[in-house]
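Novice:
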Amino acid sequence: MALPPRLLLLTALLGTSLSFTPSHHPLHKVTTLPSTSTTVLSAGGFEWDDPNSDLADPGVDNPFKNPTLLDTTSSNDGDDDTNGTTTLKVDPARLLSPRLQGCNLYFIGMMGSGKSAVGDALARRMGTYNFLDTDVILERAAGMSIPKIFQTEGEEAFREAEAQVLDSVHAHVRCVVSTGGGMILRNQNWSKLQTGLVVYLKVEPEVIMKRIEGTDRPLLQTEDPLETLRSLMEERRERYEQADVVVEVEEGVDVEGAADAVVRALHDFIDDNPPAWKVAKAKAQSDGLDWVN
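Heads up: the sequence shown is residues -19 to -1, 1 to 274, going by mature numbering (1 follows the signal peptide of the UniProt record, and there is no 0).
1) What are the residues that DSSP puts in a beta bridge with S159?
2) Would the segment 109 to 129 and the segment 151 to 159 be scored as touching if the rule is three or more Cβ pairs under 8 Å?
3) Between the beta-carbon of V234 and the beta-carbon of M91, is there less than 8 Å?
4) To which residues of the same chain is M190 closer than 6 Å at the C-beta, ignoring the five residues directly before and after it?
5) Around the C-beta of E134, are 16 or more other C-beta atoms found within 10 angstroms, so that it is buried, or is it exposed?
6) Starting from the N-terminal side, write out each stretch of the beta strand (DSSP E) that is 3 residues or longer and does not extend beyond the segment 204 to 264.
7) Looking at the structure shown, is K183 part of a helix, part of a strand, or coil, going by DSSP?
8) Got a sec? Which residues, its chain only, sit under 7 Å from E232 by beta carbon, not counting five neighbours each side?
9) Using only the alpha-carbon positions, how far apart do P3 and D101 sit?
10) Taking contact to mean 3 or more Cβ pairs, one atom from each stretch, closer than 8 Å, check whether the segment 77 to 96 and the segment 217 to 228 are in contact.
11) What whole-angstrom Cβ distance do A239 and L182 have, given they're in contact under 8 Å?
12) For the candidate residues P256, E237, F250, whose alpha-carbon lies nearest to that of A98?
13) Can you look up L178 in the DSSP assignment and give me helix, strand or coil?
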């Protein structure tokens, strides 16, 4: 007996291995340590390897110790007695990698908010992170476009398949992940996103409509697409606003500008929410206790 369309879609997903976009490495090149042998401390949605543990993942690049990231310039032009200076010139996005310690970044937001473009740009600039787009993975697994999935399978089947994709994606580290606009509606999906840092790209509906004009968006096939978009945003607003980082992207801001804003916001968030081991160490030292490395 033939399987129902929904089961066929899920079967395709379960039998498909994930892959990065062509500009990045495949998932099998992302190394992970077994969870049973890694000291993990959690705080504020992070999962951190204790850097004092011998089992901590050494694979995250440290720009402060990478000589290729140092720019040495000579300033001895006769006007002063300086023999030369070594200046660290690093993209602030590059500095995120060691601070995140493998923690995934999940971009959420409405269709057309720029999650894929900004996420991909950020991953490229970070250097050690890879980019994943759950919509692209889903389309490749199902062998059809998202509009076609909506048309032939229905939204509920799409949401189930989307959840299957997230199940696979969230098991990996050092990823910048663009998620579908409605993925956050399911509580189990939202729980999985909490294993990383969640970044909400907040864009006004009028700006989004200009961006997606002429595209085939299944949920906007209505008499008044703008009003439908506003309704969808209001329905999702409360969950969107629960993101770890909220970045408002105004009209006219390009991809790199939006990525810059995300980088600044992430650095600020990490400053305000240090890893649990750092908090514990500071408290121990303030109490006059020895901290064993």
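Think of the CB as a built atom: it goes at the ideal place given N, C-alpha and C, for glycine as much as any other residue.
Specialist: If we stick to the structure as given:
1) F88, D114
2) yes
3) no
4) L207
5) buried
6) 226 to 229
7) strand
8) V188
9) Low local confidence applies: a pLDDT of 37 at P3 is under 50, so the model's placement there is unreliable, and no value is given.
10) yes
11) 7 Å
12) E237
13) strand
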